[in-house]
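> Quick one: this structure, given as C-alpha cells, is what I'll be asking you about.
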Amino acid sequence: LPISPRPVLVKDDRPSEIVQGQIGTCYLLGAMGAVASNGSDAIRSLFVQYDIDLGVYGVRFNVDGEWACVIVDDHMPVDEHGELLFARSVDPQEVWCPLLEKAFCKLHTCYEMCDGGQT
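Counting in full-length UniProt numbering, the sequence shown runs from 1 upward without gaps.
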C-alpha cells in the first residue's frame with residue numbers, strides 16, 4: 001500500500017520522531033535521528049529527486065566515501081490492519097522515514113538483510 005493518502009516528504013518546521021517497526025534496524029534509525037536533528041533540509045538533502053504524486057523517490061547514501069543512489073516507490077509492506085510493518089514517522093503524513101529505511105534495505109538487498117547491524 002502507499003505510505004499515506006496525503007504524503008509530504010518532511011514538514012518544514014521539524015521532522016517527526018521515528019518509530020521502529022518489526023525489523024531490527026535501530027542502528028539505522030539512530031543514524032536517521034541524528035540527520036533529522038539537523039532539520040528538515042538535512043533530510044531533504046538525501047532525496048536527490050522525487051515525485052510525490054507518482055510515488056517515486058531517489059535516495060542517496062555515502063558508501064565507503066562514494067555516493068550510491070537508490071530508487072524506491074512508496075508502496076510499503078503492511079500488516080492485516082493496514083499499519084506499516086517497518087519504520088515510520090510519528091506523523092503519518094511524513095514519508096521520509098519509511099522511504100529512507102526502504103532505500104537502505106534495497107541498497108543491502110532486502111529488509112531481512114538489514115535485521116541487526118551497526119552504523
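Cβ atoms here follow ideal geometry from the backbone N, Cα and C, with glycine treated the same way. In this text, all values refer to a predicted model and were calculated from it rather than measured experimentally.
#1: So, at 8 angstroms on beta carbons, what are the nonlocal neighbours of Gly-58 in its own chain, with the 5 sequence-adjacent residues on each side left out?
#2: Starting from the N-terminal side, write out each stretch of the beta strand (DSSP E) that is 3 residues or longer and does not extend beyond the UniProt domain "Calpain catalytic" (1-119).
#3: Whether or not the stretch 81-88 and the stretch 60-67 are in contact is what I'm after, with contact meaning three or more pairs of Cβ atoms, one per stretch, closer than 8 angstroms; do they touch?
#4: Considering Cα atoms alone, identify which of Pro-15, Pro-5, Arg-6 is closest to Trp-96.
#5: Are there 16 or more other CB atoms within 10 angstroms of the CB of Cys-110, so buried, or fewer, so exposed?
#6: Using a Cβ-Cβ cutoff of less than 8 angstroms, which residues in the same chain neighbour Val-8 once the five nearest sequence positions on both sides are dropped?
#7: CB-CB under 6 angstroms to Ala-103, same chain, minus the five flanking residues each way: which ones, in chain order?
#8: For Glu-80, which residues of its own chain have a beta-carbon under 6 angstroms away from its beta-carbon, when the five flanking residues on both sides are left out?
#9: Have a look at Gly-24 and Met-113 and give me their C-alpha separation to the nearest angstrom.
Taking the geometry as given:
#1: Position 58 of the sequence shown, counted from the start, is the residue given in the question as residue 58. Same-chain partners within the cutoff: Phe-47, Val-48, Gln-49, Tyr-50, Cys-69, Val-70, Ile-71.
#2: 47-51, 56-63, 66-73
#3: no
#4: The sequence position of residue 96 within the sequence shown is 96, counting from 1. That would be Pro-15, whose Cα lies nearest to the Cα of Trp-96.
#5: Locating residue 110 in the sequence shown gives position 110, where the first residue counts as 1. That one is exposed.
#6: Numbered from 1 along the sequence shown, position 8 holds the residue referred to as residue 8. Ile-52, Gln-93, Glu-94, Val-95.
#7: Mapped onto the sequence shown, residue 103 falls at position 103. Closer than 6 angstroms at Cβ, skipping near neighbours: Val-59, Val-70, Val-72.
#8: Translated into positions along the sequence shown, residue 80 becomes position 80. Contacts found: none.
#9: Your numbering for residue 24 matches position 24 in the sequence shown. Your numbering for residue 113 matches position 113 in the sequence shown. Distance between the alpha carbons of Gly-24 and Met-113: 10 angstroms.
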